[in-house]
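Trainee:
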Amino acid sequence: MISGLEDLVNCTVLVVTYDGRVFVGSLEGFDQLTNLILNQSEERVYRCNSPVERLKLGLFVIRGDNVVLIGEVDNELDFSTNFDQISASAIGPIIA
Numbered sequence: 030m031i032s033g034l035e036d037l038v039n040c041t042v043l044v045v046t047y048d049g050r051v052f053v054g055s056l057e058g059f060d061q062l063t064n065l066i067l068n069q070s071e072e073r074v075y076r077c078n079s080p081v082e083r084l085k086l087g088l089f090v091i092r093g094d095n096v097v098l099i100g101e102v103d104n105e106l107d108f109s110t111n112f113d114q115i116s117a118s119a120i121g122p123i124i125a
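Okay, so the sequence shown: first residue is 30 according to the numbering used here, each after it adds one.
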């Protein structure tokens, strides 16, 4: 996973963790254990019949052993999305 992360430094990424949490922020750095440093980050909390809750976190570290997925975010699409009109089931914990 490490080799592909170099291209995502200073890009906006979405991270899903083993406990089903979703984080979005600018990838500032990472290490050999895939520990991630996100800047200007937020957690997006999804619930049925309720808009997406966006919790501002700022500078945030995610432990590499908790990372399931990392992907680049299309900023134009993300900024144009009205999260007040979106509801979805939460992602449950990932069971290995």
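For glycine and all other residues, C-beta sits at the position ideal for the given N, C-alpha and C. Only a predicted model underlies this, so the values are computations on that prediction, with no experimental measurement involved.
In whole angstroms, what separates the C-alpha of GLU71 from that of PHE112?
Mentor: Taking the first residue of the sequence shown as 1, we reach residue 71 at position 42. Taking the first residue of the sequence shown as 1, we reach residue 112 at position 83. Cα to Cα, the separation comes out at about 13 Å.
Trainee: Measuring alpha carbon to alpha carbon, tell me which residue in GLY33, THR41, PHE52, GLU35 is nearest ASP103.
Mentor: Along the sequence shown, one-based indexing puts residue 103 at 74. Per the Cα distances, THR41.
Trainee: Closest to PRO122 by C-alpha separation, out of GLY49, LEU86, LEU37, would be which residue?
Mentor: Taking the first residue of the sequence shown as 1, we reach residue 122 at position 93. Residue GLY49 is the option with its Cα nearest to PRO122.
Trainee: Note down the Cα distance separating LEU67 from LEU56, rounded to an integer number of angstroms.
Mentor: Walking along the sequence shown from the start, residue 67 turns up at place 38. Walking along the sequence shown from the start, residue 56 turns up at place 27. When rounded, the distance between both Cα atoms is 5 Å.
Trainee: Per DSSP, which one or two residues make a beta bridge with PHE59?
Mentor: As a working note, residue 59 is residue 30 in the sequence shown. In DSSP, PHE59 forms a bridge with LEU65.
Trainee: Taking Cβ positions, are GLY54 and GLN69 nearer each other than 8 Å?
Mentor: Numbered from its first residue, the sequence shown carries residue 54 at position 25. Numbered from its first residue, the sequence shown carries residue 69 at position 40. Yes, the pair counts as a contact, with Cβ atoms nearer than the cut-off.
Trainee: Tell me which residues share the same chain as LEU86 and place their Cβ nearer than 7 Å to its Cβ, disregarding the 5 neighbours each side in the sequence.
Mentor: If you number the sequence shown from 1, residue 86 lands on position 57. Hits under 7 Å: SER70, GLU71, GLU72.
Trainee: So, helix, strand or coil for SER116, using DSSP?
Mentor: Numbered from 1 along the sequence shown, position 87 holds the residue referred to as residue 116. DSSP places SER116 in coil when its eight states are reduced to three.
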